[in-house]
Amino acid sequence: MLKRGLPAVVLAVCWGTIAHADPPAQDKSAAEKPAPEKPLNEQIALGKAIEEGPALEREGEVDVEQVLGSARRELLTLLAREAATAVANEPATQAEPAIHVGSPPPSMTSKVPKRPLVSTGPAPELKWLHGLALPDFPIRWDDRLVQALEYYRNDPRGKTLVRGLFARQSLYAPMIRAKLRAAQLPEDLLYVAMVESGFDPRARSDAGALGIWQLMAAPATQYGLEMTRWVDARMSPEPCTDAALRFLHDVYDDLGSWPLALSAFNMGYGALLRAIQKYNSNDYWLLSSLEAGLPYETVSYVTRVMAYAVIGRNRERFGVADVTPERGTETVSIELPGGVALSRIAKAAGMEVNALAALNPELKKPRLPPDVKLWPLRFPRDKAAKFREKWASQGPLLPAHRQHALKLGERLSDVAEMYGTTSAKLLKLNELQEDVAPRPGDKIKVPDVDPVIAKKPGDRPVVGVPPDSFVYVDRKRVFYRVVQGDELEEIARFFKVTPEEVRLWNRVATDAKLQRGMFLQLYVPVGAELHQTLVLAPNEVRTLVVGSEDFFNFHESQQNRVRMRYRVKPGDTLRSLAERFELSVGSIARINQFAREKKLEPDSEIIIYAPDPTGKPTEPNGKRTAPN
Numbered sequence: 156m157l158k159r160g161l162p163a164v165v166l167a168v169c170w171g172t173i174a175h176a177d178p179p180a181q182d183k184s185a186a187e188k189p190a191p192e193k194p195l196n197e198q199i200a201l202g203k204a205i206e207e208g209p210a211l212e213r214e215g216e217v218d219v220e221q222v223l224g225s226a227r228r229e230l231l232t233l234l235a236r237e238a239a240t241a242v243a244n245e246p247a248t249q250a251e252p253a254i255h256v257g258s259p260p261p262s263m264t265s266k267v268p269k270r271p272l273v274s275t276g277p278a279p280e281l282k283w284l285h286g287l288a289l290p291d292f293p294i295r296w297d298d299r300l301v302q303a304l305e306y307y308r309n310d311p312r313g314k315t316l317v318r319g320l321f322a323r324q325s326l327y328a329p330m331i332r333a334k335l336r337a338a339q340l341p342e343d344l345l346y347v348a349m350v351e352s353g354f355d356p357r358a359r360s361d362a363g364a365l366g367i368w369q370l371m372a373a374p375a376t377q378y379g380l381e382m383t384r385w386v387d388a389r390m391s392p393e394p395c396t397d398a399a400l401r402f403l404h405d406v407y408d409d410l411g412s413w414p415l416a417l418s419a420f421n422m423g424y425g426a427l428l429r430a431i432q433k434y435n436s437n438d439y440w441l442l443s444s445l446e447a448g449l450p451y452e453t454v455s456y457v458t459r460v461m462a463y464a465v466i467g468r469n470r471e472r473f474g475v476a477d478v479t480p481e482r483g484t485e486t487v488s489i490e491l492p493g494g495v496a497l498s499r500i501a502k503a504a505g506m507e508v509n510a511l512a513a514l515n516p517e518l519k520k521p522r523l524p525p526d527v528k529l530w531p532l533r534f535p536r537d538k539a540a541k542f543r544e545k546w547a548s549q550g551p552l553l554p555a556h557r558q559h560a561l562k563l564g565e566r567l568s569d570v571a572e573m574y575g576t577t578s579a580k581l582l583k584l585n586e587l588q589e590d591v592a593p594r595p596g597d598k599i600k601v602p603d604v605d606p607v608i609a610k611k612p613g614d615r616p617v618v619g620v621p622p623d624s625f626v627y628v629d630r631k632r633v634f635y636r637v638v639q640g641d642e643l644e645e646i647a648r649f650f651k652v653t654p655e656e657v658r659l660w661n662r663v664a665t666d667a668k669l670q671r672g673m674f675l676q677l678y679v680p681v682g683a684e685l686h687q688t689l690v691l692a693p694n695e696v697r698t699l700v701v702g703s704e705d706f707f708n709f710h711e712s713q714q715n716r717v718r719m720r721y722r723v724k725p726g727d728t729l730r731s732l733a734e735r736f737e738l739s740v741g742s743i744a745r746i747n748q749f750a751r752e753k754k755l756e757p758d759s760e761i762i763i764y765a766p767d768p769t770g771k772p773t774e775p776n777g778k779r780t781a782p783n
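Just so we're aligned, residue 156 is where the sequence shown starts under our numbering, counting upward by one.
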């Protein structure tokens, strides 16, 4: 999170969305009213986008090594590798919302066009979807989620895996659910921890993420977890849960969409923001379908969280209602002096030192932290009394300022540059927190110096725009850069347009918040007063259609890379191509939206981002073909 290196299970490549059900948002009373039941064929329209490769084989024994060449078979292979065990028998109480027909998002990739989506109507094997209770956060019935649920429901390996996970869930589910309720977060976010670690406090990723929530060091520190040479609180379930929920709350509050928030938790907020800015869209479902949009692992991660949440609400339907919950050790905490060796404590408690360490996974060394006076150490309840008995027997002034009225779209950094200071000094001068940005029209204190209006840079900002074009006789086109805290409705009111028009002119999702750095193209009335905002005219920006050849060529040229189409030859592997073109296997997989373990088919075509032999950023120059 703000992370990540944790392996994620790959789900489907096909985008065939079968339906989109929007569960109730805030009104719980409304949510408790069951939706009227309709025939299945009126609720679900199954669309299957058939890509290259054979269909998933569901009958008979499957040889794992022989099925790696198919994306859908990769799902089975990688899911089967996931190790964990867990479970709480908590009945689902959520009412069933109506399932509405959905469709795949429009493709903006420049890949070879897929065969057209075919709507075949409800398939008999999907009748079991009818009547499922849904999680308390929104999901979308796309093909990836359906395939994952089919695997966990029908495949012996999937059923074994999910039964183990739900058995182990009982160790920490009550604590996590209680904290989720207290934080007023969806209780089904519990399944984030299931995907992250299988509820293993000692879980560790190759990237250094730790604990049941797999937190990286930076966000853990940001959210107050202690990390020293002696202690790493990321492996302590309760403090770790507190930090993880605060992070989830913050990213959701910023992003306004649970799929985006879950993506940020997996791939990192900064990486997600860069993807949003690159494609100029805050629509998770769109970003998850674009070339080099979201990492394949992240999309699979979000899908698994949704799948486990559905299973948790429908345990009998998925055969996990009868699993035997794992029983943890009931513990009590005893405060002991810092610096004492665990071996000495374990001996006094009559237990193995490894067993004592397992109850206190946050300790990095076999000794209590020496830099604290007392440390609360967890013991098995049945050994605490004996241990206590035996242990007791052993014994400046700010500068002058003026006021500056913020314009719409003006950042604090812009104001700081104007008055020859820094954003940090302005925050201190105005007694503001970093997460409480001033609003347009607010008057803030600035140094009492004459402002310097920065000259516009020679390079025009590059703005990704949808392929649609609009012509109005009484409007003019401008571009507005989103700053932190901007809301679409507020922007629409200022420019005297409607929110629906803003969404029409841009790829803006209705269920997500605008993110700083996005550009909105606006068609405002010709006579609109714009002196109180910062906007750019069409000749002051460079527009590129998102997903076009020019779009990808430009962005890669800025990294001194070229984008090429490569036709796979016999003997080619992801590793051999990665070495040839100075990429990682993961980079090639992300660019082409397939799994790292994929076997390349001869004569198939993939996209490669390779170093530019000129070594200089270039203008977009059309399609390139990789040399053989």
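Note that beta-carbon positions come from the ideal geometry of N, C-alpha and C, so glycine has one too.
For this session: Out of Lys600, Phe634 and Tyr678, point me to the one whose CA is closest to phenylalanine 625's CA.
Result: Within the sequence shown, the letter at position 470 stands for residue 625. The option with the nearest alpha carbon to phenylalanine 625 is Tyr678.
Problem set entry | Alpha-carbon spacing of valine 508 relative to methionine 382, whole angstroms | Stepping through the sequence shown from its first residue, residue 508 is reached at position 353. Stepping through the sequence shown from its first residue, residue 382 is reached at position 227. Approximately 22 Å between the Cα atoms of the pair.
For this session: Identify the continuous alpha helix (DSSP H) that holds tryptophan 440 and give its terminal residues.
Result: As a working mapping, residue 440 is identified with position 285 in the sequence shown. Element bounds for tryptophan 440: 439-442.
Exercise. Between the Cα of leucine 523 and the Cα atoms of Gly493, Val638, Lys545 and Leu511, which residue gives the shortest distance?
Worked result: Here residue 523 refers to the residue found at position 368 when the sequence shown is read from its first residue. Nearest option by C-alpha distance: Gly493.
Exercise. Near threonine 484, what residues of its chain come up, given a Cβ to Cβ distance below 6 Å and the 5 sequence neighbours on each side ignored?
Worked result: Position 329 of the sequence shown, counted from the first residue, corresponds to residue 484. Excluding sequence neighbours, threonine 484 sits near Pro535.
Exercise. What do you get for alanine 525, buried or exposed, if any count of 16 or more other CB atoms within 10 angstroms of its CB means buried?
Worked result: Within the sequence shown, residue 525 is the residue found at index 370, counting from 1. Residue 525 is actually proline in this sequence, not alanine. With fewer than 16 Cβ atoms within 10 Å of its Cβ, proline 525 is classed as exposed.
For this session: Could you please give me the residues that DSSP links to phenylalanine 534 through a beta bridge?
Result: Counting from 1 along the sequence shown, the entry for residue 534 is found at position 379. Answer is Val487, bridged to phenylalanine 534.
Exercise. Under a Cβ-count criterion, where at least 16 other Cβ atoms within 10 Å of its own Cβ denotes burial, should glutamate 644 be classed as buried or exposed?
Worked result: The count along the sequence shown starts at 1 and reaches residue 644 at position 489. Label assigned to glutamate 644: exposed.
Exercise. In terms of alpha-carbon separation, which member of Tyr635, Val652 and Pro622 lies closest to aspartate 629?
Worked result: Position 474 of the sequence shown holds residue 629. Comparing Cα positions, the closest option is Val652.
Exercise. For aspartate 641, does the three-state DSSP call read helix, strand or coil?
Worked result: Translated into the one-based positions of the sequence shown, residue 641 becomes position 486. Aspartate 641 falls in the coil class under three-state DSSP.
Exercise. In whole angstroms, what separates the C-alpha of alanine 375 from that of glycine 425?
Worked result: For this step, residue 375 is matched to residue 220 along the sequence shown. For this step, residue 425 is matched to residue 270 along the sequence shown. Their Cα atoms are separated by approximately 16 Å.
For this session: Alpha carbon to alpha carbon, how far is valine 700 from proline 622? Give it in angstroms, no decimals.
Result: Looking up residue 622 in the sequence shown gives position 467. Looking up residue 700 in the sequence shown gives position 545. Approximately 6 Å between the Cα atoms of the pair.
For this session: Could you check how far apart the C-beta atoms of leucine 738 and tyrosine 764 are, in whole angstroms? I think they sit under 8 Å.
Result: Walking along the sequence shown from the start, residue 738 turns up at place 583. Walking along the sequence shown from the start, residue 764 turns up at place 609. Indeed they touch by this definition, with Cβ atoms about 7 Å apart.
Exercise. Which of the three DSSP states, helix, strand or coil, is assigned to phenylalanine 634?
Worked result: For the purposes of this step, residue 634 is taken as the residue at position 479 of the sequence shown. Three-state result, phenylalanine 634: strand.
Exercise. How would you write the range of the alpha helix (DSSP H) that proline 414 sits in, first residue to last?
Worked result: Against the sequence shown, residue 414 aligns to sequence position 259. Its alpha helix (DSSP H) spans residues 413-422.
For this session: Given a cut-off of 7 Å, decide if leucine 415 and arginine 389 are closer than it, judged by their beta-carbon atoms.
Result: Here the question's residue 389 lines up with position 234 in the sequence shown. Here the question's residue 415 lines up with position 260 in the sequence shown. No, these two residues do not count as a Cβ contact at 7 Å.
Exercise. Is the beta carbon of alanine 322 sitting closer than 7 Å to the one on proline 480?
Worked result: Numbered from 1 along the sequence shown, position 167 holds the residue referred to as residue 322. Numbered from 1 along the sequence shown, position 325 holds the residue referred to as residue 480. Going by C-beta atoms, alanine 322 is nearer than 7 Å to proline 480.
Problem set entry | Residues that proline 492 bridges to, as DSSP identifies them | On the sequence shown, position 337 is the one that residue 492 refers to. Looking at the DSSP assignment, proline 492 forms a beta bridge with Leu529.
Exercise. With which residues is histidine 559 paired in a DSSP beta bridge?
Worked result: Numbered from 1 along the sequence shown, position 404 holds the residue referred to as residue 559. Answer is Ile599.
Problem set entry | valine 690 in three-state terms, based on DSSP | Your numbering for residue 690 matches position 535 in the sequence shown. Strand.
Problem set entry | Contact under 7 Å by Cβ, phenylalanine 292 with proline 341 | Counting from 1 along the sequence shown, the entry for residue 292 is found at position 137. Counting from 1 along the sequence shown, the entry for residue 341 is found at position 186. Result yes, Cβ atoms of phenylalanine 292 and proline 341 sit closer than 7 Å.
Exercise. Hey, methionine 422 and leucine 300: beta-carbon distance below 7 Å or not?
Worked result: Locating residue 422 in the sequence shown gives position 267, counting from the first residue. Locating residue 300 in the sequence shown gives position 145, counting from the first residue. Result no, Cβ atoms of methionine 422 and leucine 300 do not sit closer than 7 Å.
For this session: Answer yes or no: do serine 391 and glutamate 517 have a C-beta to C-beta separation smaller than 7 Å?
Result: The sequence position of residue 391 within the sequence shown is 236, counting from 1. The sequence position of residue 517 within the sequence shown is 362, counting from 1. Yes, the pair counts as a contact, with Cβ atoms nearer than the cut-off.
Problem set entry | Segments of 4+ residues assigned as alpha helix (DSSP H) that fall wholly inside the region 340-390 | 345-352 and 372-377
Exercise. Among the residues of its own chain, which have a CB less than 6 Å from the CB of alanine 560, if the five just before and after it don't count?
Worked result: Residue mapping note: residue 560 aligns to position 405 of the sequence shown, counting from 1. Closer than 6 Å at Cβ, skipping near neighbours: Lys598.
For this session: Measure the CB-CB distance between leucine 497 and leucine 511 and report whether it falls below 7 Å.
Result: By 1-based counting over the sequence shown, the position of residue 497 is 342. By 1-based counting over the sequence shown, the position of residue 511 is 356. Yes, Cβ-Cβ distance for leucine 497 and leucine 511 is below 7 Å.
For this session: Mind checking which residues open and close the beta strand (DSSP E) that includes glutamate 655?
Result: Numbered from 1 along the sequence shown, position 500 holds the residue referred to as residue 655. Per DSSP, glutamate 655 belongs to no beta strand (DSSP E); it is in the alpha helix (DSSP H), 654-660.
For this session: Answer yes or no: do valine 696 and arginine 566 have a C-beta to C-beta separation smaller than 7 Å?
Result: As a working note, residue 696 is residue 541 in the sequence shown. As a working note, residue 566 is residue 411 in the sequence shown. Not a contact, by the Cβ cut-off of 7 Å.
For this session: Check whether the Cβ atoms of serine 488 and arginine 533 lie closer than 7 Å to each other.
Result: Translated into the one-based positions of the sequence shown, residue 488 becomes position 333. Translated into the one-based positions of the sequence shown, residue 533 becomes position 378. Yes. Within cutoff.
For this session: Could you give the DSSP three-state label for glutamine 748: helix, strand or coil?
Result: On the sequence shown, position 593 is the one that residue 748 refers to. Residue state, collapsed to three classes: coil.
Problem set entry | Those residues which DSSP pairs with tyrosine 764 across a bridge | The residue given as residue 764 occupies position 609 in the sequence shown. Beta-bridge pairing links tyrosine 764 to Arg718.
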